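Shown next, in structure tokens, is the structure this report addresses.
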DNA sequence: TTGTACGCGTTATCAG
DNA sequence: CTGATAACGCGTACAA
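Chains as they are written, first to last, in my numbering: chain A, 1 to 340; chain B, 1 to 340.
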């Protein structure tokens, strides 16, 4: 039998209540007593039983997923996974809610975040571009005692701020390498499309893409990134112009997470299927595009893993444990039609 | 507050003990009472609190991972993940042990399995090739009340037998497609290497590989599968002979999960780096080979996911719950040096 | 066939 | 600053 708090209390010569205080870092215990308990912990090899702990804390854990209000397929996929998980984990005493924020107005978004209180949430997972307002709001949240984790989009590294998602430089490099290998010895221009180059994610992906393409493959020329700003009309226009201006476009790299419209336009403009196209994130339409060969490869981060990992990370923080870093690393997945 | 067993007992007009009997399908309850309780469950929306349940059952869950005695790097990786998980999940009241079986002698292996008793284990995850002896042993284990799940290597589909691992036909197809795309318009022979073609895994991978290569790419010719039987000397010999007999080998597909020796031999025999090589499973040496371009791609099944998923599956079975199939599907990962 | 009473390991609320 | 003691929700002897 593993030693329990009772054994620990006995070993340290104190009461259960004091053991609890030391274990949970509560105040009002003499340093001497704290040391005695800690010594006993290592001596008898005590390890807290999380199952009993969660049961005893009346309420389980209450986590919130903050996601943008606007978005297309990828956002839906993420939300679907959150809901799925929420349902499955009610029995484990974990409550999960989705909170939408106005992604076009950082101030409003920050205000929404500032209203999240510690007696409503134990932790918040946020999916939002990095802005000063959001960064500050997260900082204040942590001060209020709410654990935070950024998902999909990285936030500035700070104390207590962790990130669950892929390394976007590596993701861009992966796209670059595949693009090059699929193109083989053909030569020509490569079109790169993003929603906006303001975002850290796009910058990093582009960086990684160029880092592979520029030195190793001089017969390709990757054009400057074109921005769609998330508007379908603009996407169409931008692509039309680009194909008109550059007759020998042989590759298309769609960096944003909402690729549906761009894929449709590209198919209409270059129906011959010779264009090597790579996009990000598995959604109903990218999946379909992969199946019918409109898309050659997909770089994906598994939304299910992201959600589960975010929850595990938050929970570990609440119980101030370390997480197994190796288990929480989100993989950069390469999807082709065979391994869907 | 969610309804508890107390509420349920009150709602059904019975005692806590009776509620427990119905909930856990124990005998000795009149059908009429059973119905009453079940009616009350749906009426008040009762859902059992698993946290409390695990705490109350003195012992947590005791799971065993049965793995072969012989093996090289991939086996070590798997075992490493099992140990890591075992350590991390002690606090969650899950105990995990590794049990080795003699993989060259199905009868001895089956005997080892037959000694596993229900008051030592709640569930067993097994990694072993499909043989009649193993199949029967697993069947009897389930009869003894031990839950089973096959990992990595699929066992015959039966009632109560689930599988955590990849679809090997799809994995072979993925390898085939990558091989073809990486080779581009070159033409020549492709070497296919396996430990043995007796195993279902190899057969399925080869099937998938051919299914892509034969119809779509007539300028490649995949040679008959060569067997290494896991012996380094034999591997070397087989490769030497093959390269001597077929001067225009342009591709090498290593189907087995222990690729170290084959990769080393291939590098020595064809040092020019023109050979497109694809192998399975990420290990220290396949990872290294990917980094130094000896290997062009790796098909991987994440051992961490496999272990966690096996545990989740076993636990769900113990608590007779359903699992979210979407969450337990193991992905066929494509690894290149950029997304390691 | 059904019910009572206690225990699991922790947290929380008092009182001292 | 410290210590009893009652929950938490469920499982399980044992009693009826």
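Note that the Cβ used here is the ideal one computed from N, Cα and C, for glycine as well. For clarity, every value in this text was computed on a predicted model and none was experimentally measured.
Residues of chain B with a CB under 8 angstroms from the CB of residue 184 of chain A: which are they? What residue 184 of chain A touches in chain B: 184 and 185.
Whose C-alpha, out of A:146, A:118, A:158 and A:294, is nearest the C-alpha of residue 135 of chain A?
Among A:146, A:118, A:158 and A:294, the Cα nearest to that of residue 135 of chain A is on A:158.
(request) Measure the beta-carbon distance from residue 363 of chain A to residue 269 of chain A and round it to whole angstroms, keeping in mind my assumption that it falls under 8 angstroms. (result) Outside the shown range of chain A, which is 1 to 340, sits residue 363 of chain A, and nothing can be said about it.
With 16 as the cutoff for other CB atoms within 10 Å, does residue 364 of chain B come out buried or exposed? A query on residue 364 of chain B cannot be resolved here, the shown segment of chain B reaching from 1 to 340 and no further.
Could you compute how far the alpha carbon of residue 22 of chain B sits from the alpha carbon of residue 49 of chain A? 28 angstroms
Checklist entry - Is the segment 82-96 of chain B close to the segment 239-255 of chain B, with three or more CB pairs under 8 angstroms? => result no
request  = Check the Cβ of residue 173 of chain A against every Cβ in chain B and list those closer than 7 angstroms, keeping chain order.
outcome  = The contacting residues are 338.
Return the chain-ordered ranges of every alpha helix (DSSP H) run that is complete within the segment 181-262 of chain B and spans a minimum of 4 residues. 200-216 and 232-245
Original post:
Whose C-beta lies closer than 7 angstroms to the C-beta of residue 315 of chain A among residues of the same chain, with five residues either side of it excluded?
Top reply: Listed in chain order, the non-local C-beta contacts of residue 315 of chain A below 7 angstroms within the same chain comprise 61, local neighbours out to five positions each way being set aside.
Within a Cβ cutoff of 7 angstroms, which residues of the same chain sit near residue 77 of chain A, ignoring the five residues on either side of it in sequence?
Within the same chain, residue 77 of chain A has close Cβ partners 283 and 303.
Exercise. With DSSP as the reference, label residue 104 of chain B as helix, strand or coil.
Key: coil
Discussion item. Whole angstroms are fine: how far does the CA of residue 226 of chain A sit from the CA of residue 263 of chain A?
Written reply: CA-to-CA, the gap between residue 263 of chain A and residue 226 of chain A works out to about 14 angstroms.
request  = Using the Cα positions of residue 233 of chain A and residue 202 of chain A, report the straight-line distance between them to the nearest angstrom.
outcome  = 20 angstroms
| query | Is any beta-carbon of chain A found at less than 8 angstroms from that of residue 287 of chain B? | reply | no
Does the segment 183-200 of chain B touch the segment 143-151 of chain B, meaning 3 or more C-beta pairs lie closer than 8 angstroms? No, the segment 143-151 of chain B does not touch the segment 183-200 of chain B.
Note to self: Quick check: is the beta carbon of residue 326 of chain A nearer than 8 angstroms to any beta carbon in chain B?
What the structure shows: yes
How would you write the range of the alpha helix (DSSP H) that residue 303 of chain B sits in, first residue to last?
303-318
Considering only C-alpha positions, which residue in the set A:208, A:121, A:267 and A:289 is nearest to residue 166 of chain A? A:208
Let's see if you can read the secondary structure: which residues bound the alpha helix (DSSP H) around residue 39 of chain A?
31-44
- Query: Quick one: any contact between the segment 255-262 of chain A and the segment 64-77 of chain A, if contact means 3 or more CB pairs under 8 angstroms?
  - Reply: yes
query = Name the chain B residues that come within less than 7 angstroms of residue 91 of chain A, Cβ to Cβ?
reply = 47, 48, 49 and 50
Review point. Of the residues A:123, A:133, A:122 and A:124, which one's Cα is nearest the Cα of residue 104 of chain A?
Key: A:133
**Prompt:** At least one CB of chain A closer than 8 angstroms to the CB of residue 55 of chain B: is that the case?
**Reply:** Among the residues facing chain A, residue 55 of chain B is included, as its CB has a counterpart in that chain under 8 angstroms away.
Quiz item: Expressed to the nearest angstrom, what Euclidean distance is found between the alpha-carbon atoms of residue 46 of chain B and residue 96 of chain A?
Solution: 19 angstroms
| message | Tell me which residues share the same chain as residue 293 of chain A and place their Cβ nearer than 8 angstroms to its Cβ, disregarding the 5 neighbours each side in the sequence. | response | 273 and 337
- Put residue 70 of chain A into one of helix, strand or coil per three-state DSSP. coil
Taking beta-carbon pairs under 7 angstroms, can you tell me which members of the segment 70-87 of chain A lie near chain B? 84
* Does the distance from the CB of residue 300 of chain A to the CB of residue 281 of chain A come in under 8 angstroms? -> yes
Check: For residue 13 of chain A, does the three-state DSSP call read helix, strand or coil?
Finding: Coil.
**Request:** Measure the CB-CB distance between residue 171 of chain B and residue 276 of chain B and report whether it falls below 8 angstroms.
**Result:** No, these two residues do not count as a Cβ contact at 8 angstroms.
Practice item. Take residue 125 of chain B as the anchor and find which of B:59, B:319, B:306 and B:326 has the nearest alpha-carbon. Key: Out of B:59, B:319, B:306 and B:326, the CA that lies nearest to the CA of residue 125 of chain B is found in B:306.
Item checked: residue 94 of chain B - DSSP class collapsed to helix/strand/coil -> DSSP places residue 94 of chain B in strand when its eight states are reduced to three.
Does the ligand HEM have even one heavy atom less than 7 angstroms from the beta-carbon of residue 319 of chain B? The ligand HEM is not among the ligands present in this structure, which contains no ligands whatsoever.
Nonlocal neighbours in the same chain, by C-beta distance under 8 angstroms from residue 216 of chain A, ignoring five residues either side: 180
Buried versus exposed call for residue 120 of chain A [16 or more other C-beta atoms within 10 Å across all chains shown]
exposed
task: Tell me, please, which residues DSSP counts as bridged to residue 64 of chain B.
output: B:97 and B:124
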